[in-house]
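This report refers to the structure that appears directly beneath it.
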Amino acid sequence: MTQTFTRRLIFTALVAALLASPAATPRGQQPPPQAGAPAYDLLITNGRIVDGTGNPWFRADVGIKDGRIARVGRISPAETRAVIDARNQIVAPGFIDVHTHVESIYNQPAAENFVRMGVTTLVTGNCGSSATNVAEFLGRAQKTPLAVNLATLVAHGSVRQKVMGLVNREPSPDELRQMESIVEQAMRDGAVGLSTGLIYVPGTYAKRSAPSACGARAR
Ligand SMILES: [Zn+2]
Numbered sequence: 033m034t035q036t037f038t039r040r041l042i043f044t045a046l047v048a049a050l051l052a053s054p055a056a057t058p059r060g061q062q063p064p065p066q067a068g069a070p071a072y073d074l075l076i077t078n079g080r081i082v083d084g085t086g087n088p089w090f091r092a093d094v095g096i097k098d099g100r101i102a103r104v105g106r107i108s109p110a111e112t113r114a115v116i117d118a119r120n121q122i123v124a125p126g127f128i129d130v131h132t133h134v135e136s137i138y139n140q141p142a143a144e145n146f147v148r149m150g151v152t153t154l155v156t157g158n159c160g161s162s163a164t165n166v167a168e169f170l171g172r173a174q175k176t177p178l179a180v181n182l183a184t185l186v187a188h189g190s191v192r193q194k195v196m197g198l199v200n201r202e203p204s205p206d207e208l209r210q211m212e213s214i215v216e217q218a219m220r221d222g223a224v225g226l227s228t229g230l231i232y233v234p235g236t237y238a239k240r241s242a243p244s245a246c247g248a249r250a251r
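Take 33 as the starting number for the sequence shown in the numbering used here and just add one per residue.
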């Protein structure tokens, strides 16, 4: 069995175990703790921990309870409901992919292509292309919960296109004000910054002043 295939199996098992854990049920529906119940829902054992702080790796077990890391150390399999043997694999906090284009993520809320690589947080809206109604975009997670954390930038190109289409000219003062207003609202609604795509249409039509004005609203 190749190492890649083994790793894939472990990620698959991790995802399956997390989905099947009691943490996946709404809080109000969880059964009360029973005497003698295992301390952990899931134990990831025999892994090499890379904790993301810059420390060298170390060998330890990870105990998960109610969807959260409850303990890192030596943990007996007797204390848990389920075990994933991560022998000689890396166990790390979820990775953050800061450059994604996942405006369509609600069509695939499990985001398996990311989760199977260990990516658990996505930043979308890059390269000048994003949702322009950020409140609506992020709010859709209420109805369609995502398996990953999601953040978005608001994008100059999409804002420009919304206000003035794909024409190759400077925005009028009124159009520029509309663009600034959309950016400001998007930031209030939770966007984490402004992106540009000045080699793409329509960002490539912009002189420096318009992206700068939008950027000022994003500060
Ligand atoms: Zn990009």
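Think of the CB as a built atom: it goes at the ideal place given N, C-alpha and C, for glycine as much as any other residue.
Bounding residues of the alpha helix (DSSP H) (the contiguous stretch that carries residue i)
i           : result
residue 206 : 205-220
residue 195 : 188-196
residue 150 : Looking at the DSSP string, residue 150 is not in any alpha helix (DSSP H), and its letter there is neither H nor E.
residue 241 : 241-250
residue 230 : Premise fails: residue 230 is in no alpha helix (DSSP H) and is neither H nor E.
residue 134 : Note, residue 134: premise wrong, no alpha helix (DSSP H); not H, not E.
residue 168 : 166-175
Near ligand 3: residue i beta-carbon under 6 Å from a heavy atom
i           : result
residue 158 : Absence of ligand 3 from the depicted structure is noted, with ligand 1 being the only ligands included.
CB contact flag (residue i, residue j, <7 Å)
i           : j           : result
residue 185 : residue 223 : yes
residue 111 : residue 71  : yes
residue 157 : residue 228 : no
residue 249 : residue 207 : no
residue 74  : residue 114 : yes
residue 155 : residue 195 : no
residue 167 : residue 221 : yes
residue 95  : residue 107 : yes
residue 81  : residue 92  : yes
residue 128 : residue 153 : yes
residue 200 : residue 237 : yes
residue 226 : residue 247 : yes
Span of the beta strand (DSSP E) around residue i
i           : result
residue 160 : Element bounds for residue 160: n/a, residue is neither H nor E.
residue 181 : 181-184
residue 114 : 112-117
residue 105 : 100-105
residue 80  : 72-81
residue 94  : 90-97
Inter-residue CB distance, residue i and residue j (contact presumed, cutoff 8 Å)
i           : j           : result
residue 141 : residue 179 : 6 Å
residue 202 : residue 239 : 6 Å
residue 214 : residue 182 : Wrong, their Cβ atoms sit about 20 Å apart, outside the cutoff.
residue 234 : residue 193 : 6 Å
Could you tell me whether the region 185-201 touches the region 114-134, where touching means 3 or more Cβ pairs closer than 8 Å? no
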